[in-house]
Amino acid sequence: MPPYAHEDYYRYRKATRIEKKDVIKLNDEVGLHPNLAGFRELLDEQAFAVVLGAGYPNPDLSHFVSRDIWEAGQRGARTGRPGATGWLGRYLDAVLPNEVDPALSVAVGRGRLPLVVSGSRHPGLGFSDAESLRYRGARSDRDRMAYERLQGTDSAPAGDSDLQFVTRTAVGTNAASTRILDHLARYRTDVTYPDTEFGQSLRTIAALIGQGLTTRVYYAAQGIARFGGYDTHAEQKPRHSQLVDELCQSVCAFYKDLKRQGNANRVLTFTFSEFGRRVPENHSGGTDHGTAGPVFLFGPGVKPGIHGT
(Lines of atoms letter the chains of each structure in order from A; the text may use other names.)
(Lines give C-alpha, C1' and ligand atoms only; values in the text may rest on other atoms or scores of the structure.)
Protein backbone atom coordinates (compact mmCIF):
# COMPACT_ATOMS: atom_id res chain seq x y z
CA MET A 2 0.00 0.00 0.00
CA PRO A 3 2.31 2.82 -1.17
CA PRO A 4 1.59 6.09 0.72
CA TYR A 5 2.08 8.02 -2.50
CA ALA A 6 0.97 11.38 -1.09
CA HIS A 7 3.69 11.46 1.60
CA GLU A 8 7.07 12.89 0.65
CA ASP A 9 8.79 10.87 3.38
CA TYR A 10 7.94 7.73 1.43
CA TYR A 11 10.05 8.90 -1.51
CA ARG A 12 12.77 10.23 0.78
CA TYR A 13 13.19 6.93 2.64
CA ARG A 14 12.54 4.60 -0.31
CA LYS A 15 14.92 5.36 -3.16
CA ALA A 16 15.38 1.86 -4.60
CA THR A 17 12.18 0.16 -3.41
CA ARG A 18 9.48 2.78 -3.94
CA ILE A 19 6.62 2.64 -6.39
CA GLU A 20 6.54 5.83 -8.42
CA LYS A 21 3.49 8.02 -7.90
CA LYS A 22 2.45 7.72 -11.54
CA ASP A 23 2.33 3.91 -11.23
CA VAL A 24 0.31 3.69 -8.01
CA ILE A 25 -3.33 2.60 -8.34
CA LYS A 26 -4.78 5.33 -6.14
CA LEU A 27 -7.53 4.33 -3.71
CA ASN A 28 -7.82 7.64 -1.85
CA ASP A 29 -5.87 10.87 -1.42
CA GLU A 30 -3.06 9.17 0.53
CA VAL A 31 -2.54 5.51 -0.32
CA GLY A 32 -2.94 3.15 -3.23
CA LEU A 33 -2.12 -0.28 -4.58
CA HIS A 34 0.92 -1.74 -6.28
CA PRO A 35 0.37 -1.65 -10.08
CA ASN A 36 0.33 -5.46 -10.14
CA LEU A 37 -2.77 -5.44 -7.90
CA ALA A 38 -5.12 -3.97 -10.49
CA GLY A 39 -7.48 -6.91 -9.99
CA PHE A 40 -8.03 -5.84 -6.38
CA ARG A 41 -9.17 -2.44 -7.63
CA GLU A 42 -11.74 -4.25 -9.77
CA LEU A 43 -12.92 -6.18 -6.71
CA LEU A 44 -13.24 -2.88 -4.84
CA ASP A 45 -15.39 -1.56 -7.68
CA GLU A 46 -17.59 -4.63 -7.09
CA GLN A 47 -17.77 -3.78 -3.35
CA ALA A 48 -15.86 -6.97 -2.56
CA PHE A 49 -12.49 -5.70 -1.31
CA ALA A 50 -11.34 -3.99 1.88
CA VAL A 51 -7.99 -3.24 3.45
CA VAL A 52 -7.18 -2.62 7.11
CA LEU A 53 -4.04 -0.50 7.42
CA GLY A 54 -1.58 -0.78 10.29
CA ALA A 55 -2.75 -4.16 11.62
CA GLY A 56 -0.53 -5.55 14.35
CA TYR A 57 -0.34 -6.17 18.10
CA PRO A 58 1.23 -4.39 21.12
CA ASN A 59 4.94 -4.87 21.86
CA PRO A 60 5.68 -6.57 18.53
CA ASP A 61 8.21 -9.39 18.25
CA LEU A 62 10.43 -9.25 15.16
CA SER A 63 11.15 -12.99 15.07
CA HIS A 64 9.40 -14.62 12.11
CA PHE A 65 8.43 -17.69 14.11
CA VAL A 66 7.35 -16.01 17.35
CA SER A 67 5.36 -13.32 15.56
CA ARG A 68 3.73 -15.87 13.27
CA ASP A 69 2.59 -17.87 16.27
CA ILE A 70 1.21 -14.75 17.99
CA TRP A 71 -0.81 -13.88 14.89
CA GLU A 72 -2.06 -17.45 14.50
CA ALA A 73 -2.80 -18.11 18.17
CA GLY A 74 -4.27 -14.69 18.87
CA GLN A 75 -2.24 -14.61 22.08
CA ARG A 76 1.32 -14.82 23.35
CA GLY A 77 2.97 -18.00 24.57
CA ALA A 78 1.48 -20.55 22.18
CA ARG A 79 4.02 -22.14 19.86
CA THR A 80 3.56 -24.31 16.78
CA GLY A 81 4.07 -27.97 17.69
CA ARG A 82 3.84 -27.41 21.43
CA PRO A 83 1.31 -29.72 23.18
CA GLY A 84 -1.98 -27.95 23.85
CA ALA A 85 -1.27 -25.00 21.53
CA THR A 86 -4.30 -23.85 19.56
CA GLY A 87 -5.09 -21.14 17.04
CA TRP A 88 -7.93 -18.65 17.12
CA LEU A 89 -9.80 -20.22 14.20
CA GLY A 90 -9.34 -23.67 15.71
CA ARG A 91 -10.79 -22.43 19.00
CA TYR A 92 -13.70 -20.92 17.08
CA LEU A 93 -14.53 -24.36 15.68
CA ASP A 94 -14.14 -25.92 19.14
CA ALA A 95 -16.66 -23.40 20.49
CA VAL A 96 -19.33 -23.58 17.79
CA LEU A 97 -19.05 -27.29 16.92
CA PRO A 98 -17.86 -28.96 20.14
CA ASN A 99 -19.46 -32.35 19.45
CA GLU A 100 -18.76 -32.64 15.73
CA VAL A 101 -16.31 -35.40 14.73
CA ASP A 102 -15.05 -34.25 11.35
CA PRO A 103 -11.32 -33.66 10.71
CA ALA A 104 -12.22 -31.79 7.51
CA LEU A 105 -13.75 -28.85 9.40
CA SER A 106 -10.43 -27.02 9.03
CA VAL A 107 -8.14 -27.77 6.10
CA ALA A 108 -4.72 -26.39 5.19
CA VAL A 109 -3.56 -26.85 1.60
CA GLY A 110 0.12 -26.61 0.69
CA ARG A 111 3.54 -27.79 1.76
CA GLY A 112 4.94 -27.31 5.23
CA ARG A 113 3.58 -27.40 8.74
CA LEU A 114 -0.05 -27.65 9.76
CA PRO A 115 -0.64 -23.99 10.67
CA LEU A 116 -1.43 -23.21 14.27
CA VAL A 117 -4.28 -20.87 13.33
CA VAL A 118 -6.57 -23.73 12.19
CA SER A 119 -5.69 -26.08 15.07
CA GLY A 120 -8.15 -26.57 17.92
CA SER A 121 -8.36 -28.89 20.90
CA ARG A 122 -11.32 -30.87 19.56
CA HIS A 123 -10.66 -30.11 15.91
CA PRO A 124 -6.90 -30.41 15.25
CA GLY A 125 -7.21 -29.74 11.52
CA LEU A 126 -6.16 -31.58 8.40
CA GLY A 127 -3.28 -30.60 6.13
CA PHE A 128 -2.05 -31.88 2.79
CA SER A 129 0.29 -30.63 0.08
CA ASP A 130 -1.75 -31.88 -2.89
CA ALA A 131 -4.30 -34.52 -3.77
CA GLU A 132 -1.71 -37.23 -4.36
CA SER A 133 -0.39 -36.88 -0.82
CA LEU A 134 -3.80 -38.06 0.44
CA ARG A 135 -3.96 -41.17 -1.68
CA TYR A 136 -3.66 -44.60 -0.03
CA ARG A 137 -0.52 -46.18 -1.48
CA GLY A 138 -1.58 -49.78 -1.07
CA ALA A 139 -1.10 -52.47 1.52
CA ARG A 140 2.10 -54.44 1.76
CA SER A 141 0.18 -57.56 2.80
CA ASP A 142 -3.35 -58.93 3.14
CA ARG A 143 -3.12 -58.19 6.85
CA ASP A 144 -2.35 -54.52 6.14
CA ARG A 145 -5.21 -54.35 3.64
CA MET A 146 -7.66 -55.84 6.14
CA ALA A 147 -6.51 -53.39 8.81
CA TYR A 148 -7.01 -50.50 6.41
CA GLU A 149 -10.49 -51.67 5.43
CA ARG A 150 -11.40 -52.13 9.08
CA LEU A 151 -10.19 -48.61 9.83
CA GLN A 152 -12.48 -47.38 7.06
CA GLY A 153 -15.48 -48.97 8.78
CA THR A 154 -17.76 -46.69 10.75
CA ASP A 155 -17.78 -49.09 13.69
CA SER A 156 -14.01 -48.73 14.13
CA ALA A 157 -14.31 -45.47 16.05
CA PRO A 158 -15.20 -46.16 19.69
CA ALA A 159 -17.23 -43.74 21.76
CA GLY A 160 -15.82 -42.18 24.92
CA ASP A 161 -13.52 -39.41 26.03
CA SER A 162 -10.18 -41.09 26.68
CA ASP A 163 -7.12 -39.92 24.78
CA LEU A 164 -6.94 -43.25 22.93
CA GLN A 165 -10.57 -43.04 21.88
CA PHE A 166 -10.13 -39.45 20.71
CA VAL A 167 -7.03 -40.34 18.68
CA THR A 168 -8.80 -43.36 17.17
CA ARG A 169 -11.84 -41.33 16.17
CA THR A 170 -9.59 -38.67 14.69
CA ALA A 171 -7.62 -41.26 12.67
CA VAL A 172 -10.79 -42.88 11.35
CA GLY A 173 -12.30 -39.51 10.50
CA THR A 174 -9.13 -38.30 8.80
CA ASN A 175 -9.00 -41.42 6.67
CA ALA A 176 -12.63 -40.95 5.62
CA ALA A 177 -12.08 -37.23 4.99
CA SER A 178 -9.14 -38.03 2.72
CA THR A 179 -11.37 -40.27 0.62
CA ARG A 180 -14.03 -37.55 0.38
CA ILE A 181 -11.47 -34.92 -0.62
CA LEU A 182 -9.97 -37.11 -3.34
CA ASP A 183 -13.43 -37.84 -4.72
CA HIS A 184 -14.39 -34.15 -4.76
CA LEU A 185 -11.17 -33.12 -6.49
CA ALA A 186 -11.48 -35.86 -9.12
CA ARG A 187 -14.99 -34.70 -10.05
CA TYR A 188 -14.36 -30.94 -10.11
CA ARG A 189 -14.38 -29.06 -13.40
CA THR A 190 -13.85 -25.35 -13.98
CA ASP A 191 -13.05 -23.11 -16.93
CA VAL A 192 -11.28 -20.60 -14.66
CA THR A 193 -7.51 -20.46 -15.19
CA TYR A 194 -5.35 -20.28 -12.06
CA PRO A 195 -1.62 -19.47 -11.95
CA ASP A 196 0.50 -22.58 -12.31
CA THR A 197 2.15 -21.99 -8.95
CA GLU A 198 1.83 -23.75 -5.62
CA PHE A 199 -0.31 -20.96 -4.19
CA GLY A 200 -2.48 -20.65 -7.29
CA GLN A 201 -3.12 -24.39 -7.37
CA SER A 202 -3.81 -24.43 -3.62
CA LEU A 203 -6.59 -21.89 -4.16
CA ARG A 204 -7.92 -23.96 -7.05
CA THR A 205 -8.05 -26.96 -4.73
CA ILE A 206 -9.92 -24.94 -2.11
CA ALA A 207 -12.38 -23.65 -4.72
CA ALA A 208 -12.96 -27.22 -5.86
CA LEU A 209 -13.72 -28.42 -2.33
CA ILE A 210 -16.07 -25.50 -1.71
CA GLY A 211 -17.79 -26.11 -5.04
CA GLN A 212 -18.23 -29.80 -4.29
CA GLY A 213 -19.77 -29.11 -0.89
CA LEU A 214 -17.08 -30.38 1.49
CA THR A 215 -18.02 -29.76 5.13
CA THR A 216 -14.97 -27.56 5.78
CA ARG A 217 -15.59 -24.26 7.57
CA VAL A 218 -12.03 -22.87 7.48
CA TYR A 219 -9.38 -23.15 4.76
CA TYR A 220 -5.75 -21.99 4.82
CA ALA A 221 -3.13 -21.59 2.09
CA ALA A 222 0.30 -19.96 2.36
CA GLN A 223 1.84 -17.80 -0.36
CA GLY A 224 5.40 -16.68 -0.77
CA ILE A 225 7.26 -19.32 1.21
CA ALA A 226 8.54 -21.30 -1.77
CA ARG A 227 8.04 -18.69 -4.48
CA PHE A 228 10.60 -16.04 -5.47
CA GLY A 229 12.24 -16.30 -2.03
CA GLY A 230 9.18 -15.14 -0.11
CA TYR A 231 8.19 -11.75 1.24
CA ASP A 232 11.20 -11.47 3.56
CA THR A 233 12.75 -8.91 1.23
CA HIS A 234 15.97 -7.84 2.93
CA ALA A 235 17.53 -7.50 -0.53
CA GLU A 236 16.35 -6.89 -4.09
CA GLN A 237 12.86 -6.13 -2.86
CA LYS A 238 11.40 -4.44 -5.90
CA PRO A 239 11.52 -7.31 -8.44
CA ARG A 240 10.68 -10.01 -5.89
CA HIS A 241 7.81 -8.07 -4.40
CA SER A 242 6.42 -7.32 -7.85
CA GLN A 243 6.38 -11.02 -8.73
CA LEU A 244 4.79 -12.01 -5.44
CA VAL A 245 1.95 -9.48 -5.51
CA ASP A 246 1.28 -10.39 -9.14
CA GLU A 247 0.90 -14.04 -8.13
CA LEU A 248 -1.27 -13.03 -5.17
CA CYS A 249 -3.59 -10.93 -7.32
CA GLN A 250 -3.93 -13.44 -10.13
CA SER A 251 -4.60 -16.29 -7.69
CA VAL A 252 -7.15 -14.48 -5.51
CA CYS A 253 -8.97 -12.98 -8.50
CA ALA A 254 -9.21 -16.41 -10.16
CA PHE A 255 -10.49 -17.83 -6.87
CA TYR A 256 -13.29 -15.27 -6.63
CA LYS A 257 -14.18 -15.66 -10.29
CA ASP A 258 -14.54 -19.38 -9.62
CA LEU A 259 -16.64 -18.80 -6.49
CA LYS A 260 -18.96 -16.47 -8.41
CA ARG A 261 -19.32 -19.07 -11.16
CA GLN A 262 -20.31 -21.62 -8.50
CA GLY A 263 -22.73 -19.25 -6.78
CA ASN A 264 -20.64 -19.45 -3.59
CA ALA A 265 -19.01 -16.00 -3.47
CA ASN A 266 -21.51 -14.72 -0.89
CA ARG A 267 -20.62 -17.61 1.44
CA VAL A 268 -16.87 -17.03 1.57
CA LEU A 269 -14.73 -14.42 3.34
CA THR A 270 -11.03 -14.44 2.47
CA PHE A 271 -8.33 -12.49 4.27
CA THR A 272 -4.56 -12.23 4.12
CA PHE A 273 -2.09 -11.73 6.95
CA SER A 274 1.65 -11.70 7.50
CA GLU A 275 3.64 -11.97 10.71
CA PHE A 276 4.82 -8.36 10.40
CA GLY A 277 5.36 -5.53 7.96
CA ARG A 278 8.57 -3.82 6.86
CA ARG A 279 10.39 -0.76 8.21
CA VAL A 280 9.90 2.57 6.49
CA PRO A 281 13.59 3.24 5.66
CA GLU A 282 15.08 0.84 3.15
CA ASN A 283 18.45 -0.77 3.82
CA HIS A 284 21.63 -0.68 1.72
CA SER A 285 20.79 -3.92 -0.11
CA GLY A 286 17.78 -2.65 -2.01
CA GLY A 287 15.41 -4.13 0.54
CA THR A 288 13.67 -3.46 3.83
CA ASP A 289 14.05 -5.05 7.25
CA HIS A 290 11.52 -6.42 9.71
CA GLY A 291 8.90 -3.92 10.80
CA THR A 292 5.76 -4.13 12.89
CA ALA A 293 2.27 -3.44 11.56
CA GLY A 294 1.11 -4.03 8.01
CA PRO A 295 -2.02 -4.16 5.85
CA VAL A 296 -4.61 -6.93 5.95
CA PHE A 297 -6.62 -7.53 2.77
CA LEU A 298 -10.19 -8.85 2.94
CA PHE A 299 -12.22 -10.17 0.02
CA GLY A 300 -15.84 -11.06 -0.52
CA PRO A 301 -19.26 -9.45 -1.01
CA GLY A 302 -19.79 -9.42 2.76
CA VAL A 303 -16.94 -7.01 3.58
CA LYS A 304 -17.35 -3.32 4.30
CA PRO A 305 -15.46 -2.15 1.21
CA GLY A 306 -12.73 0.45 1.19
CA ILE A 307 -9.80 1.47 3.37
CA HIS A 308 -9.96 1.22 7.15
CA GLY A 309 -7.37 2.48 9.63
CA THR A 310 -4.30 4.61 9.06
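When you line the sequence shown up against our numbering, it's residues 2 to 310, in that order. Note that beta-carbon positions come from the ideal geometry of N, C-alpha and C, so glycine has one too.
Give the straight-line distance between the Cα atoms of residue i and residue j, rounded to the nearest whole angstrom.
i, j, result
"Ala293", "Arg278", "8 Å"
"His64", "Asp196", "27 Å"
"Lys260", "Arg143", "47 Å"
"Leu43", "His241", "21 Å"
"Tyr231", "His284", "17 Å"
"Ala265", "Asn36", "23 Å"
"Thr1", "Tyr219", "Examination of residue 1 is not possible in this model, given that the chain is present from 2 through 310 alone."
"Thr193", "Ser202", "13 Å"
"Asp258", "Asn28", "29 Å"
"Ser67", "Asp61", "6 Å"
"Ala48", "Glu100", "32 Å"
"Gln250", "Gly200", "8 Å"
May I ask you to report which of helix, strand or coil DSSP gives residue i?
i, result
"Ile307", "strand"
"Thr154", "Low confidence applies to Thr154: its pLDDT is 49, below 50, so where it sits in the model is not reliable, and the reading given next is rough at best. DSSP places Thr154 in helix when its eight states are reduced to three."
"Thr270", "strand"
"Ile25", "strand"
"Tyr219", "strand"
"Leu214", "coil"
"Pro295", "strand"
"Arg278", "strand"
"Ala1", "Nothing about residue 1 can be reported from this structure: the residues present for the chain run from 2 to 310 only."
"His290", "strand"
"Gly302", "coil"
"Gly230", "coil"
"Gly224", "coil"
"Gly32", "strand"
By a C-beta neighbour count over all protein chains shown, 10 Å radius and 16 as the cutoff for buried, is residue i buried or exposed?
i, result
"Met146", "exposed"
"His34", "buried"
"Arg267", "exposed"
"His7", "exposed"
"Glu20", "exposed"
"Thr310", "exposed"
"Asp102", "buried"
"Ser106", "buried"
"Ala207", "buried"
"Leu126", "buried"
"Gly39", "buried"
"Asp69", "buried"
"Pro98", "exposed"
"Ala221", "buried"
Can you round the beta-carbon distance between residue i and residue j to whole angstroms, since I take them to be within the 8 Å contact cut?
i, j, result
"Tyr13", "Glu282", "7 Å"
"Val296", "Val52", "5 Å"
"Pro3", "Gly32", "6 Å"
Would you say residue i faces chain C, with C-beta separation under 9 Å as the test?
i, result
"Leu126", "Of the chains in the structure shown, none is chain C; there is only one protein chain."
With a floor of 4 residues, list each alpha helix (DSSP H) that falls wholly inside the segment 51-135, ordered by position along the chain.
-> 64-73, 88-96, all fully within the segment 51-135.
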